[in-house]
Each structure stands twice: as structure tokens, then as C-alpha cells.
Amino acid sequence: MINKGGMKPGDKIPSERELSERLNAGRSSVREALRALELLGLIETRRGEGTFIRDFRGNQLVQLLSTFILQDKKAKDDVVETKSMIEADCLLLAAEKIQDEDIKRLKILIDDDHFEDEEFFRKMAKLADNHLFYRIWCILNDYYKALEMKTSKAEKAQYHLLVDALVTKNGELILNRHRILRNMSMK
């Protein structure tokens with residue numbers, strides 16, 4: 003109903019009575035279904051206002067799904083590997099489109115005292131200017147964070163070398179720098 007009805011986060015859903023009529027189901031069944039959706043974090047009830055759709059991409063849903071999907075080592079390894087592959091493709095696309103101003107911003111980001119790998123690759127995924135790659139990377143990154151894997155920090159110099167490789171637009175060099183950076187951060 004939510005997908006077919008074109009409802010989006012923030013939209014108010016019909017009342018229990020209306021849902022019961024529309025779905026041809028008992029009110030107690032509808033109430034239980036709504037309670038389950040609320041426990042999953044998919045909807046929220048606001049006293050005196052009604053029930054509203056929450057943002058599906060929220061971290062709660064990722065955390066919940068992670069406990070079921072990512073139990074075995076193979077699934078965890080697949081997330082890490084796929085995320086790295088998407089990053090590599092984003093780097094290659096970004097290299098084709100990157101401007102001098104982008105390079106300056108990336109170097110400033112790397113030199114920041116609170117620099118995070120996640121923010122660097124989020125920017126790279128944005129610079130690739132491929133919305134599907136960006137969305138996939140964000141989802142994989144959420145799963146990656148849910149894995150709570152121990153990662154060491156790669157040296158900032160490795161990020162600078164990667165940015166320098168982007169300037170050359172040499173795909174082989176870019177992929178090599180990315181591979182070195184990822185090998186350092188996974189140890």
C-alpha cells in the first residue's frame with residue numbers, strides 16, 4: 003500500500019478504521035501490524051496527530067537487517083568486497099570529472115584533525131556523479147558500519163597519494179593507490 007500509493011517519509015497513513023476497511027482486515031489485525039511496523043522503526047505514532055511513515059533508510063532498519071543477514075563470515079566479506087569495488091569505480095568516474103576546486107577541497111578534508119575515511123569516500127561517490135553508485139555505496143556503508151569491524155586508520159599520506167593519482171587520471175595508478183589504502187585500513 004505504501005509503495006503502490008506513492009507514500010513517502012513524513013506522510014500520514016490512514017487511521018486503523020480506514021486501513022481495516024481498505025485492506026478488508028479486522029481492526030485488531032491492523033493494530034498488530036501497525037505495532038510491528040512501529041517496532042521496526044518504519045512508522046511512528048504521534049499523540050493527537052496520527053501515524054506517519056518514517057525514513058526507511060534509517061540506521062535502525064540497517065541494524066535490524068544486519069543482525070539477520072550478516073551473521074556468517076561470507077556475507078560480511080561480501081559487504082566489504084562490494085563496498086571496495088563500488089569505491090574503486092567511483093574513483094575512476096570521479097577522475098574523469100574532477101575539477102581543481104574539488105582537489106583543493108579533498109586535500110583540506112584530509113588535513114582536517116577530525117578526518118574520517120567515510121567522509122572522504124562519500125565525497126568521492128558524490129564526485130563520481132552517478133546517483134545509483136552513490137545510493138549503493140551509502141547502503142553498503144551503513145551495513146559496513148553495522149558490522150562494527152575493527153579497522154585501523156590508513157595514514158593521511160595514503161589519501162593524499164590517492165588524490166594525486168586522481169589528478170593524473172591514470173586508472174591503473176588510481177586503482178593501485180586505492181588497493182594500498184584499503185589494505186592498510188583493513189589490517
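Okay, so the sequence shown: first residue is 3 according to the numbering used here, each after it adds one. All residues carry an ideal CB built from backbone N, CA and C; glycine is no exception. Nothing here was measured: the structure is a model prediction, and the numbers come from that model.
Determine the burial state of N143: buried for a count of at least 16 other Cβ atoms within 10 Å of its Cβ, exposed for fewer.
-> buried
Between which two residues does the beta strand (DSSP E) containing R48 stretch?
-> I45 to R48
Determine contact between the segment 127-144 and the segment 154-163, defined as no fewer than three beta-carbon pairs at a distance below 8 Å.
-> no
Roughly how many whole angstroms lie between the Cα atoms of V2 and N172?
-> Residue 2 is absent from the structure shown; the chain starts at 3 and stops at 189.
Would you be able to state if there are at least three C-beta pairs under 8 Å between the segment 89-106 and the segment 116-136?
-> yes
Can you give the Cα-Cα distance for L111 and A159, rounded to whole angstroms?
-> 13 Å
Roughly how many angstroms lie between the CA atoms of A35 and Y161, to the nearest whole one?
-> 48 Å
Since I110 is in the alpha helix (DSSP H), which residue starts that stretch and which ends it?
-> D102 to D113
Specify the secondary structure class of K171 as computed by DSSP and reduced to three states.
-> coil
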